[in-house]
Amino acid sequence: MFKKLAIAAPMAFLAMASTGAFAAGEASHSIQLTAHVPTNSFHVLPVNADVVTAPQVLVYNIANSNFTPLVESFDVKHTAGSISASIDEPNAYLFNGNTKINLNVVFNDVKLSATPILVVSAADALPGTRVDLEITPVAAPATGYVPGDYTGTVAMTFDAVVTP
């Protein structure tokens, strides 16, 4: 009887210890999700969602001393009229704490400013279409761009203009 108990007790201990070892290796993760379902009557949405959710890089080409433009496509639609757009600041720019590089912001081949301007006609907006956004630094001064790390935000507003 003692031999059975002497063998059974350590075996029970090992069985319990091994289940505890598996629990110690547990890992858990949380994944944050978001979703947006646009209306059928009006939307201006980037084809690549990262363009409005993650920083974009304007690549500097050292061979020609210019930046490669940022070009991204947007799906646009408005069933009751045209679409106008503007940038939220008088000028869009990159800044390094000391020097500005002004930016040209063009949506569907129309240069944007702080004043709203028609960017998609009612005829094009009705069925919906895909257009491009292009952000390009203005030409460098004769001395070239000042070296440094620049950041900036281009905030745009799109308005659904109702056609009577």
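Read left to right, the sequence shown gives residues -23 to -1, 1 to 141 (mature numbering (1 follows the signal peptide of the UniProt record, and there is no 0)). Using N, Cα and C, we set each Cβ at its ideal position, and we do this for glycine too. From a predicted model like this one, the values you see are computed outputs, not experimental measurements.
Distance CB(residue i)-CB(residue j) smaller than 8 Å
| i | j | result |
| --- | --- | --- |
| Val97 | Val53 | yes |
| Gly85 | Asp65 | Residue 85 is actually Asn in this sequence, not Gly. Cβ distance not < 8 Å, so Asn85 and Asp65 don't count as in contact. |
| Ala100 | Thr140 | no |
| Ser63 | Thr106 | no |
| Gly121 | Ser42 | yes |
| Phe72 | Gly2 | no |
Residue from the options with nearest C-alpha to residue i
| i | options | result |
| --- | --- | --- |
| Asn81 | Asn73, Val138 and Pro46 | Pro46 |
| Asn68 | Gly58, Ser61, Lys88 and Thr56 | Lys88 |
| Glu111 | Ser50, Thr128, Ala62 and Asp136 | Ser50 |
| Asp126 | Ala102, Tyr70 and Thr140 | Tyr70 |
| Thr30 | Pro141, Ala132 and Asp136 | Ala132 |
| Phe44 | Ala116, Thr128 and Thr134 | Ala116 |
| Ala137 | Ile8, Ala102 and Val123 | Ala102 |
| Pro124 | Pro104, His20 and Thr76 | Thr76 |
| Val48 | His55, Ala57 and Leu35 | Leu35 |
| Thr134 | Val83, Pro118 and Ile78 | Val83 |
| residue 147 | Asn38, Pro118, Pro104 and Thr11 | No answer is possible for residue 147: the residues shown for the chain start at -23 and end at 141. |
| Ala26 | Ser90, Thr11 and Gly74 | Thr11 |
| Pro15 | Pro118, Phe72 and Pro23 | Pro23 |
In DSSP terms, what residue i is bridged to
| i | result |
| --- | --- |
| Thr134 | Ser63 |
| Asp109 | Ser50 |
| Val139 | Gly58 |
Buried or exposed (CB count within 10 angstroms, at least 16 for buried), residue i
| i | result |
| --- | --- |
| residue 142 | Residue 142 lies beyond the residue range present for the chain, which begins at -23 and ends at 141; the question has no answer from this structure. |
| Ala40 | exposed |
| His13 | exposed |
| His6 | exposed |
| Ser59 | buried |
| Ile94 | exposed |
| Ser61 | buried |
| Ile78 | buried |
| Pro114 | buried |
| Gln33 | exposed |
For this session: Taking only runs that begin and end inside the region 16 to 100, name each unbroken beta strand (DSSP E) of 3 or more residues, in chain order.
Result: 19 to 23, 47 to 55, 58 to 64, 69 to 72, 77 to 84 and 94 to 97
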